[in-house]
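Single-structure report; data block below.
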Amino acid sequence: MARPDPDALLAAFRADLEAATTPAALEQVRVAHTGRKSPLKAALKGLREVPAEERPAVAQALNAASQTVEAALAEAKARVEAAAIAAQLDAEWQDLSAPGLATPRGARHPVHVIEQRCLDVLRRLGFTPESGPEVEGPFYNFDALNIPEHHPARDMQDTFWVDGGLLLRSHTTTVQARVLEAAGKRLAAGEDVLPIRVASLGRVYRNEAVDATHLAMFHQFEGIWIDRGLTFAHLKGTLAFVARALFGEGRRVRFKPKYYPYTEPSVGVDVACMHCDGAGCHACHGAGWVTILGAGMVHPKVFRTFGFDPGEVTGIAFGLGTTRMVAQNTGVTKIRSLYEPDQRVLTALQRGMA
Ligand SMILES: [Zn+2]
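Here the sequence shown stands for residues 264 to 617, numbered as in the working numbering.
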């Protein structure tokens, strides 16, 4: 075996170390010059073949070379890693002073805003919200509400019929029918179910020719209050309270006779237009007044259908077109835009609501 030459080993190591500029290359240098198969390890192993008198000097020189290699590797490792971190920081640099991207804020849908207002008002009167299916049987949409087959009211609301004799509900009064049905069963079982104060709200469907002001789907809100001893005075008081709570304390309100099959007598409630206060403008189509509520005393036939004695209990029922209320509140006359997914329009309407 050749005589170990520490200077040659160091020279080869330094040449390799200089060329290594990444942590991975440095690791290769470390393995090549200090690993089990490195020339340095081989030289240390071969010491026993060196003549005894020279051995201490050679061993000392090899140990010194080994320490030099370890120290140089440690120093190079620190330098290369610092350079790698600096390069990463440079690549991932962020300008913290750059302006952010503006995220447009959405707004609650105007119909939802009005629905929540209606609910808030009715909750103050002790009403609780109830919901029901949008695909209904004709019993709940018509028969139970005193609209039998061949009744002209079935034509008043052209109805979307679906398979299996079902229909898309044409009013949220269907929910009242279901509430009365459930209460009638509990009444028959001997329970005291009064008073009943329920609000129902949601989508209703009419088979209308769709244009800017007529839609096949819109939103309604209804309330029913059943108790002993309710009179027309309760109805008027409740309606005036609801109308003023929704349209402002000083708002002028007027009642007019109306016809609805499931109430008798029936009334319509007008409020003075929010935009012209009765003078007439485009938002009220020149009328000065806007009909916002339909209402009445629950028809005795409706009570009898569900097992209530109309001589003992009376009830008031009322419904609002929430879509129409949004139109009146915002002044939008083309209500179709309420149901189109143009967020600029919806946001502008919501911000403009009184
Ligand atoms: Zn007006």
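Where is the CB? At the ideal position from N, CA and C, for every residue including glycine. Every value quoted in this text rests on a predicted model; they were computed, and no experiment measured them.
For residue 538, is the beta carbon positioned less than 8 Å from some heavy atom of ligand 1? It does: the Cβ of residue 538 is within 8 Å (strictly closer) of some heavy atom of ligand 1.
Going by Cα to Cα distance, which pick from 572, 427 and 592 is closest to residue 537? Ranking 572, 427 and 592 by Cα distance to residue 537 puts 592 first.
Compute the minimum distance between the beta carbon of residue 543 and the heavy atoms of ligand 1, and state whether it is under 8 Å. Correct: residue 543 has its Cβ closer than 8 Å to ligand 1.
Is it the case that the CB of residue 381 approaches a heavy atom of ligand 1 more closely than 8 Å? Checking the Cβ of residue 381 against ligand 1 gives no.
Residue range of the unbroken alpha helix (DSSP H) whose run includes residue 525: Judged by DSSP secondary structure, residue 525 falls outside any alpha helix (DSSP H); it is assigned neither H nor E.
Bridge-paired residues (DSSP) for residue 468: Note: residue 468 sits in a beta bridge opposite 480.
Taking the straight line between their C-alpha atoms, what separation do you get for residue 325 and residue 349? About 36 Å.
So, at 6 Å on beta carbons, what are the nonlocal neighbours of residue 580 in its own chain, with the 5 sequence-adjacent residues on each side left out? Its chain contains 487, 526 and 561 as the residues whose beta carbon lies nearer than 6 Å to that of residue 580, once the 5 sequence neighbours on both sides are disregarded; these appear in chain order.
For my contact list, residue 539 and residue 551 are in at a C-beta cut-off of 8 Å; report their separation, rounded to the angstrom. So it is a contact: roughly 6 Å between Cβ atoms.
According to DSSP, which residues form a beta bridge with residue 393? Within the DSSP secondary-structure output, residue 393 pairs in a beta bridge with 463.
Rounded to whole angstroms, what is the Cα-Cα separation between residue 421 and residue 490? Spanning the two alpha carbons is a distance of roughly 33 Å.
Run the CB neighbour count on residue 509, radius 10 Å, all protein chains shown included, and call it buried at 16 or more, exposed below. Buried: at least 16 other Cβ atoms inside 10 Å.
What residue range does the alpha helix (DSSP H) around residue 334 cover? Note, residue 334: alpha helix (DSSP H), 318-354.
Provide the residue(s) that pair with residue 518 in DSSP beta bridges, ordered along the chain. In DSSP, residue 518 forms a bridge with 532.
Taking Cβ positions, are residue 496 and residue 444 nearer each other than 9 Å? Remark: C-beta atoms of residue 496 and residue 444 do not approach each other more closely than 9 Å.
What are the partner residues of residue 444, as DSSP defines its beta bridges? For residue 444, which the question treats as bridged, DSSP gives no partner whatsoever.
Could you give the C-beta distance for residue 437 and residue 404, rounded to a whole number, given that I count them as a contact under 8 Å? That pair is a contact at about 5 Å.
Mind checking whether residue 587 and residue 481 have CB atoms under 9 Å apart? Closer than 9 Å, so yes.
Below 9 Å between beta carbons: does that hold for residue 378 and residue 518? If you check the CB distance, residue 378 and residue 518 do not come in under 9 Å.
Confirm the yes/no value for this check: CB of residue 506, any heavy atom of ligand 1, distance under 8 Å. Flag unset: Cβ of residue 506 not near ligand 1.
With distances taken between CB atoms, is the gap from residue 398 to residue 425 smaller than 9 Å? Against a cut-off of 9 Å, the Cβ pair of residue 425 and residue 398 comes out as a contact.
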